[in-house]
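Trainee: Under this note's numbering, the first residue of the sequence shown carries the number 42, and numbering increases by one thereafter.
This is the structure, below, for whatever I ask next.
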Amino acid sequence: MVLYQIRQAEKSDINAIYQLERELFGEHCYPDFFFRQAYDCWTSGLLVAVSECEHVVGYVLSSPSFNAQAETEREAWILGIAVANKMQGKGVGKALLRETLAQLANYNRILLTVHPENNAMKLYQALGFVEMEQEDDYFGCSSPRIKMCLNSKEQAYIA
Numbered sequence: 042m043v044l045y046q047i048r049q050a051e052k053s054d055i056n057a058i059y060q061l062e063r064e065l066f067g068e069h070c071y072p073d074f075f076f077r078q079a080y081d082c083w084t085s086g087l088l089v090a091v092s093e094c095e096h097v098v099g100y101v102l103s104s105p106s107f108n109a110q111a112e113t114e115r116e117a118w119i120l121g122i123a124v125a126n127k128m129q130g131k132g133v134g135k136a137l138l139r140e141t142l143a144q145l146a147n148y149n150r151i152l153l154t155v156h157p158e159n160n161a162m163k164l165y166q167a168l169g170f171v172e173m174e175q176e177d178d179y180f181g182c183s184s185p186r187i188k189m190c191l192n193s194k195e196q197a198y199i200a
């Protein structure tokens, strides 16, 4: 029995996405206006998991990279992913990531960052992401993140 469905975010989902982000990430959450602009800029990259009664229980946001290296490497980033506490461990994060990776299948590299103590790192590794480096002050003083990468050749089994 599936308790959720993955779909492209709608404008009416933006506040729920922000509330989920704020609940899970506190002071390190994206601001509400970021999600509004993300909806306009990367509509197809903003996916939500919704419960049977249409409550947002997770989201993922991805975007192509826009830098000199990305022009030759064809890179994309997973900028954010969150799953409501009550839905963690039920496959929501994996389903969101699989749908995102399917959308990004024509990119050579997909990057993300994760806190070293975040249990989601196991999921990323299971999907083929590998650790590249750790930056101890990625989001400011004492806010470490591990940069992870998935190369296109590792994506073959995901679909």
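Cβ atoms here follow ideal geometry from the backbone N, Cα and C, with glycine treated the same way.
Note that this is a predicted model, so its numbers are computed, not measured.
Could you tell me whether the Cβ atoms of L153 and M189 are closer together than 7 Å?
Mentor: Taking 7 Å as the Cβ cut-off, L153 and M189 qualify as a contacting pair.
Trainee: Can you tell me whether DSSP reads G132 as helix, strand or coil?
Mentor: Coil at G132, not helix or strand.
Trainee: What residues are listed by DSSP as bridge partners for P105?
Mentor: Answer is A117, bridged to P105.
Trainee: Assuming E172 is part of the beta strand (DSSP E), what are its boundary residues?
Mentor: First-last of the beta strand (DSSP E) with E172: V171 to E176.
Trainee: Is Y100 helix, strand or coil by DSSP?
Mentor: Three-state DSSP puts Y100 in a strand.
Trainee: Please report the Cβ distance between L87 and Y71, rounded to the nearest whole angstrom; I am assuming they are in contact, meaning their Cβ atoms lie under 8 Å.
Mentor: Not a contact, Cβ separation roughly 12 Å.
Trainee: Grab me the residues of S193's own chain with a C-beta within less than 6 Å of its C-beta, minus the 5 sequence neighbours each way, in chain order.
Mentor: Same-chain partners within the cutoff: N149.
Trainee: What are the residues that DSSP puts in a beta bridge with I215?
Mentor: Lying before the first or after the last residue shown, residue 215 is absent from the chain, which here runs from 42 to 200.
Trainee: When the distance is taken between beta carbons, is V97 closer than 7 Å to A57?
Mentor: It is a contact, given that the beta carbons lie within the stated cut-off.
Trainee: Just to confirm my understanding: we take L65, look at its own chain, exclude 5 residues before and 5 after, and list those with CB closer than 6 Å. What are they?
Mentor: Answer for L65: A123, listed in chain order.
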